[in-house]
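Using my numbering, read the sequence shown as starting at 1 and increasing by one per residue.
Heads up, the thing below is written out as structure tokens.
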Amino acid sequence: MNNIINCSDLITNVINMSSVSGNELPDVWKKVVSKIKTFNDSEDCEKRMPIGERLSSNTRVVDLKNGVLLIETDHPGWIQYLKIYQKFIITGIKREISNVKINSLAFRVKGSDFCLTNNYEDQVKKEKDKMNDFYEKQEKTLEKLEVKREESKELPPELKEKFDSLMKTMLTNSEN
Numbered sequence: 001m002n003n004i005i006n007c008s009d010l011i012t013n014v015i016n017m018s019s020v021s022g023n024e025l026p027d028v029w030k031k032v033v034s035k036i037k038t039f040n041d042s043e044d045c046e047k048r049m050p051i052g053e054r055l056s057s058n059t060r061v062v063d064l065k066n067g068v069l070l071i072e073t074d075h076p077g078w079i080q081y082l083k084i085y086q087k088f089i090i091t092g093i094k095r096e097i098s099n100v101k102i103n104s105l106a107f108r109v110k111g112s113d114f115c116l117t118n119n120y121e122d123q124v125k126k127e128k129d130k131m132n133d134f135y136e137k138q139e140k141t142l143e144k145l146e147v148k149r150e151e152s153k154e155l156p157p158e159l160k161e162k163f164d165s166l167m168k169t170m171l172t173n174s175e176n
């Protein structure tokens, strides 16, 4: 993995994170997300589902760049909940840390290599290259199979004679 970033990305990261201490944003993230409450249809207090606590324990702050906060989740299902509560989360973080500039959230599943410091076009190019490599391999495999199929098209002479004879018989019978 390439750990080298360009100077503009470094300066942007410093500006974005300079007003927020190293652990302050992740701590505020956990605090705000833990406040999310979802209830079942029942009014029974024991049946309340503490979705915020589960969300905070299954997510983490990865990066902040240009007003976009990148969040990593353990499972894609958590991303749906985070999208539902995105406005609540952003407002909560802005209230806790007034000088942080967050306009939106971006998500990735744990284990993926998406990050905000990479240029979008670079990531798209990388994915296109992967797809092109995959399709080239598939085409080569298909070409090999086609060659084998072409080679196997030749019928043994005895069988070819039988088919020719059958075809002549069919054509002669159809004319009568």
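Virtual Cβ for every residue (Gly too), placed ideally from N, Cα, C.
Residue from R108, V28, Y85 whose Cα sits closest to the Cα of E96: Stepping through the sequence shown from its first residue, residue 96 is reached at position 96. A check of alpha carbon separations from E96 across R108, V28, Y85 identifies V28 as the nearest.
Look at the alpha carbon of T91 and the alpha carbon of L105, and state the distance between them as a whole number of angstroms. Position 91 of the sequence shown, counting from 1, holds the residue named residue 91. Position 105 of the sequence shown, counting from 1, holds the residue named residue 105. In this structure, the straight-line span from the alpha carbon of T91 to that of L105 is close to 12 angstroms.
In or out: F107 buried (at least 16 other Cβ within 10 Å) or exposed? Counting from one through the sequence shown, the residue named residue 107 turns up at place 107. Buried.
Please go through the same chain and pick out, in chain order, the residues whose beta-carbon is closer than 8 angstroms to the beta-carbon of I51, but skip the five residues on each side of it. The residue you call residue 51 lines up with position 51 of the sequence shown. Setting aside the 5 residues that flank it on each side, I51 is surrounded in the same chain by I36, K37, T38, Y81, each with a C-beta closer than 8 angstroms to its C-beta; the list follows chain order.
So, E72 versus R60, is the Cβ gap smaller than 9 angstroms? As a position in the sequence shown, residue 72 is number 72, starting the count at 1. As a position in the sequence shown, residue 60 is number 60, starting the count at 1. With contacts defined by Cβ atoms closer than 9 angstroms, E72 and R60 form a contacting pair.
Assumed close pair V68, N103 - CB separation to whole angstroms, cut-off 8 angstroms: Position 68 of the sequence shown, counting from 1, holds the residue named residue 68. Position 103 of the sequence shown, counting from 1, holds the residue named residue 103. Taking a contact as a CB-CB distance under 8 angstroms, the pair V68 and N103 counts as one, their CB atoms being some 7 angstroms apart.
Ignore the nearest five residues each way along the sequence and tell me which others in S57's own chain have a CB closer than 7 angstroms to its CB. Numbered from 1 along the sequence shown, position 57 holds the residue referred to as residue 57. Within the same chain, S57 has no close Cβ partners at all.
If you reduce the DSSP assignment to three classes, tell me which class S56 lands in. As a position in the sequence shown, residue 56 is number 56, starting the count at 1. DSSP, read as helix, strand or coil, puts S56 in helix.
In three-state DSSP terms, what is K35? Within the sequence shown, numbered from 1, the residue matching residue 35 stands at position 35. In the three-state DSSP reduction, K35 falls in the coil class, being neither helix nor strand.
If distances are taken between C-alpha atoms only, which option among Y85, V109, V100, I93 comes closest to P76? Taking the first residue of the sequence shown as position 1, residue 76 is located at position 76. When the alpha-carbon of P76 is set against those of Y85, V109, V100, I93, the nearest one is in V109.
Let me check understanding here. Comparing Cα to Cα, which of L159, D129, V32, L64 lies closest to K101? For the purposes of this step, residue 101 is taken as residue 101 along the sequence shown, with counting starting at 1. Of all alpha-carbon atoms in L159, D129, V32, L64, the one lying nearest the alpha-carbon of K101 is that of L64.
Spatial neighbours of L25 in its chain, beta-carbon cut-off 6 angstroms, leaving aside the 5 residues before and after: Working through the sequence shown from its first residue, we reach residue 25 at position 25. Excluding sequence positions up to five before and after L25, its CB lies within less than 6 angstroms of the CB of V61, all in the same chain and listed in chain order.
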